[in-house]
């Protein structure tokens with residue numbers, strides 16, 4: 003059997019970038035000559051879940067905090083690489099998809115019981131039998147799994163594939179707890195443990211003495227305050243009740259002038275892009291696609307509707323990541339370049355019809371497209387209106403269609419569209435959007451076909467153990483994407499952690515784990531708090 007965990011990690015880098023860029027706002031939060039203090043209480047908030055079981059998560063705010071007391075076999079690290087946590091290693095046969103998972107032997111639950119393969123199997127059974135679990139799709143490629151001994155499991159995937167380990171990124175829960183009562187107060191393997199719970203009010207956390215990394219966090223207590231709904235987070239933060247606000251609605255600028263508050267931005271995994279239907283004869287022309295890209299003022303759209311909290315990109319890889327080829331933005335907004343590309347494509351303006359047209363294969367083609375987006379997203383509606391205005395300035399007629407998300411999905415799956423303004427979480431399998439064969443390009447809704455990209459992807463799948471070749475293949479794929487534009491990438495959105503300045507240390511949120519560096523956070527305590535503790 004061949005170990006391919008490292009290979010899989012390398013492959014997944016392309017999907018989400020291997021460096022989570024973090025951008026602090028004007029006010030810093032680190033004081034170099036200050037020593038971290040042990041003690042203090044951090045106040046955070048979440049909507050109280052129906053179930054504390056992390057495999058049945060139904061709200062994002064609870065999912066954000068579960069990393070404080072749960073962990074998985076594998077996880078995305080701060081650089082978006084997949085790294086083992088409860089697992090020590092995994093071996094997978096590249097030809098059969100059969101493998102072995104070996105667990106670490108030094109992992110314990112916060113109640114002192116050892117983590118075993120029985121817990122892993124129990125968790126996977128629960129996910130498999132729970133259609134409402136957000137992790138249910140993770141097990142679709144897993145054919146079976148079986149306990150070998152306390153620290154080992156056999157696992158078989160439905161077929162060999164390059165991102166199999168990604169399917170094992172979900173929290174593991176203790177069999178001895180949740181087999182008895184599914185909504186039990188969390189018992190986990192994270193840096194903190196639950197010590198008190200009052201329904202509808204709060205949940206208290208303290209450092210987990212059985213945490214596998216050993217080092218005790220500086221913050222002695224975290225109080226999780228339960229609130230009613232997502233709209234209450236901001237007023238609760240403004241009232242001073244909580245110390246942290248996770249902001250993704252781009253209104254954190256209002257805190258900029260408050261001296262006791264800092265904002266730490268990070269690039270999310272959310273990529274906004276325009277899906278292109280390559281069955282449209284006009285859109286098959288790469289010069290037409292390049293003209294559209296030049297003709298859309300992406301920066302103005304981000305500045306106007308997202309308050310500038312976005313990072314432009316021409317490719318589906320986070321800017322600044324190790325697989326980013328460093329070329330940066332090629333398609334800066336330029337009406338001149340856009341019109342030049344249309345001229346090259348042979349389009350001329352018909353004064354009578356008031357539209358650009360050309361003859362191709364004895365057929366008349368006109369520069370008129372329908373742009374669809376979903377009615378539930380106010381930003382996208384406004385962005386679509388700006389895109390329409392931008393493109394009509396270069397002579398492209400755009401008909402807007404604002405529809406319910408379900409209708410947009412139908413249009414995508416039926417491939418009855420020209421252009422769709424939408425978004426995707428790039429931790430998903432982006433190769434599936436590129437390959438022309440259905441077996442691999444399962445999400446190739448635009449019917450894009452490029453023989454060179456197909457060959458490079460095939461090469462990646464066939465040669466998973468050659469690190470240098472992997473990076474070179476991905477570099478070539480990005481080069482082709484940048485030139486051929488299978489879709490029009492707009493930008494990656496930014497999110498932010500708004501935090502009170504009494505919280506100090508190495509605070510580095512990322513899209514996979516807001517509290518990844520919680521062990522390095524500390525609280526600046528008042529003189530009265532310090533005196534009281536000493537007494």
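Residue numbers (the numbering used here): 3 to 537. Think of the CB as a built atom: it goes at the ideal place given N, C-alpha and C, for glycine as much as any other residue. Values in this document were obtained by computation on a predicted structure and should not be read as measured data.
Item to check | Contacts around residue 207, its chain only, beta-carbon distance under 8 Å, and the 5 residues preceding and following it disregarded | outcome: So the list reads 70, 71, 194, 195, 196, 197, 223, 224, 225, 226, once near-sequence residues are dropped.
Next on the checklist: Can you give me the C-alpha to C-alpha distance between residue 285 and residue 380, rounded to a whole angstrom?
Outcome noted: Roughly 27 Å between the two C-alpha positions.
Checklist entry - Are the beta-carbon atoms belonging to residue 422 and residue 294 less than 8 Å from one another? => result Going by C-beta atoms, residue 422 is not nearer than 8 Å to residue 294.
Item to check | 7 Å CB neighbourhood of residue 292 in its chain, flanking five on each side removed | outcome: Around residue 292, the same chain offers 343, 487 as residues with beta carbons nearer than 7 Å, after the five sequence neighbours per side are excluded.
Checklist entry - Which residue spans inside the segment 80-162 form an unbroken beta strand (DSSP E) run of at least 3? => result Fully enclosed beta strand (DSSP E) runs of 3 or longer: 84-86, 89-94, 100-105, 144-151, 154-159.
Next on the checklist: Using 8 Å for Cβ pairs, my map puts residue 360 next to residue 350. What's the rounded Cβ distance?
Outcome noted: Yes, they are in contact, since the Cβ atoms of residue 360 and residue 350 sit about 7 Å apart, within 8 Å.
Item to check | Proximity to residue 73 [Cα-Cα], best of 298, 526, 299, 55 | outcome: Among 298, 526, 299, 55, the Cα nearest to that of residue 73 belongs to 55.
Checklist entry - Which value, in whole angstroms, describes the spacing of the CA atoms of residue 420 and residue 251? => result Going from the Cα of residue 420 to the Cα of residue 251 covers about 29 Å.
Next on the checklist: Taking the beta carbon of residue 146 as the centre, do at least 16 other beta carbons fall within 10 Å, making it buried, or is it exposed?
Outcome noted: Within 10 angstroms of the beta-carbon of residue 146 lie fewer than 16 other beta-carbons, which makes it exposed.
Item to check | Cutoff 7 Å; reference residue 44; Cβ partners in own chain excluding five residues on either side | outcome: Within the same chain, residue 44 has close Cβ partners 221, 224, 245, 505, 525.
Item to check | Same chain only: Cβ atoms within 6 Å of residue 141, ignoring 5 sequence neighbours per side | outcome: Excluding residues up to 5 positions away in sequence, 129, 130 lie with their Cβ nearer than 6 Å to the Cβ of residue 141 in the same chain.
Next on the checklist: Based on DSSP bridge pairs, tell me the residues matched to residue 523.
Outcome noted: DSSP lists 507 as partners of residue 523.
Checklist entry - Start and end of the alpha helix (DSSP H) containing residue 290? => result In the DSSP annotation of this structure, the continuous segment of the alpha helix (DSSP H) that includes residue 290 starts and ends at 288-297.
Next on the checklist: Quick check on residue 546: buried or exposed, where buried means 16 or more other Cβ atoms within 10 Å of its Cβ?
Outcome noted: Because the chain in this structure spans residues 3 to 537, residue 546 falls outside the shown range and cannot be described.
Checklist entry - Buried or exposed: which applies to residue 134, given that a residue is buried once 16 or more other Cβ atoms fall within 10 Å of its Cβ? => result Note on residue 134: under 16 other CB atoms within 10 angstroms of its CB, so exposed under the neighbour-count rule.
Next on the checklist: Using 8 Å as the threshold, is the C-beta distance between residue 434 and residue 444 below it?
Outcome noted: Yes, these two residues count as a Cβ contact at 8 Å.
Checklist entry - Going by C-alpha distance, which of 473, 492, 446 is nearest residue 424? => result Per the Cα distances, 492.
Item to check | Cα-Cα separation, residue 376 to residue 348 | outcome: For residue 376 and residue 348, the distance between alpha carbons rounds to 33 Å.
Checklist entry - Thinking just about the alpha-carbon of each residue, which of 109, 328, 357 is nearest to the one in residue 210? => result When each option's Cα is compared against that of residue 210, the closest is 109.
Next on the checklist: Any beta carbon of chain C sitting closer than 8 Å to that of residue 163?
Outcome noted: Among the protein chains of the structure shown there is no chain C, as only one such chain exists.
Item to check | Straight-line gap, residue 114 to residue 212 (C-alpha atoms, nearest Å) | outcome: Each residue's alpha carbon lies about 7 Å from the other.
Checklist entry - Who does residue 481 pair with in a DSSP beta bridge? => result None, per the DSSP bridge assignment.
Item to check | residue 124 versus 307, 85, 172, 86, residue with shortest Cα-Cα distance | outcome: Nearest to residue 124 by C-alpha distance, out of 307, 85, 172, 86, is 172.
Checklist entry - What does a CB cutoff of less than 6 Å around residue 296 pick up in its chain, not counting 5 residues either side in sequence? => result Take residue 296, set aside five residues on each side of it, and the residues of its chain with a beta-carbon closer than 6 Å to its own are 333, 336, 339, 340, in chain order.
Checklist entry - For residue 413, is the classification buried or exposed, using 16 other Cβ atoms within 10 angstroms of its Cβ as the cut-off for buried? => result A residue is called buried once 16 or more other Cβ atoms fall within 10 Å of its Cβ, and residue 413 is buried on that count.
Next on the checklist: On the DSSP bridge list, what partners appear for residue 402?
Outcome noted: Looking at the DSSP output, residue 402 sits in a beta bridge with 373.
Checklist entry - Is residue 364 buried or exposed, if buried means 16 or more other CB atoms sit within 10 Å of its CB? => result Residue 364 is exposed by the Cβ-count criterion.
Checklist entry - Along the chain, which unbroken stretches of the alpha helix (DSSP H) at least 4 residues long are found entirely within the segment 253-288? => result The qualifying runs do not exist here; there are none.
Checklist entry - Going by the beta-carbon positions, is the gap between residue 270 and residue 107 smaller than 8 Å? => result No, Cβ-Cβ distance for residue 270 and residue 107 is not below 8 Å.
Next on the checklist: Tell me the DSSP secondary structure of residue 411 in three-state form.
Outcome noted: DSSP places residue 411 within a helical segment (H, G or I) once states are collapsed to three.
Checklist entry - By DSSP, does residue 447 sit in helix, in strand, or in coil? => result Of the three classes helix, strand and coil, the one that applies to residue 447 here is coil, per DSSP.
Next on the checklist: I'd like to know whether the C-beta atoms of residue 416 and residue 279 end up nearer to each other than 8 Å.
Outcome noted: Not in contact: residue 416 and residue 279 (Cβ atoms no closer than 8 Å).
Checklist entry - What do you get for residue 157, buried or exposed, if any count of 16 or more other CB atoms within 10 angstroms of its CB means buried? => result Under a 10 Å Cβ-count criterion, residue 157 is classified as buried, with 16 or more other Cβ atoms of the shown protein chains found around its own Cβ.
Item to check | Option in 162, 121, 88 with minimal Cα separation from residue 98 | outcome: Ranking the options by Cα distance to residue 98, first place goes to 162.
Checklist entry - By DSSP, does residue 206 sit in helix, in strand, or in coil? => result Of the three classes helix, strand and coil, the one that applies to residue 206 here is strand, per DSSP.
Checklist entry - Considering only C-alpha positions, which residue in the set 507, 83, 259, 384 is nearest to residue 168? => result Per the Cα distances, 83.
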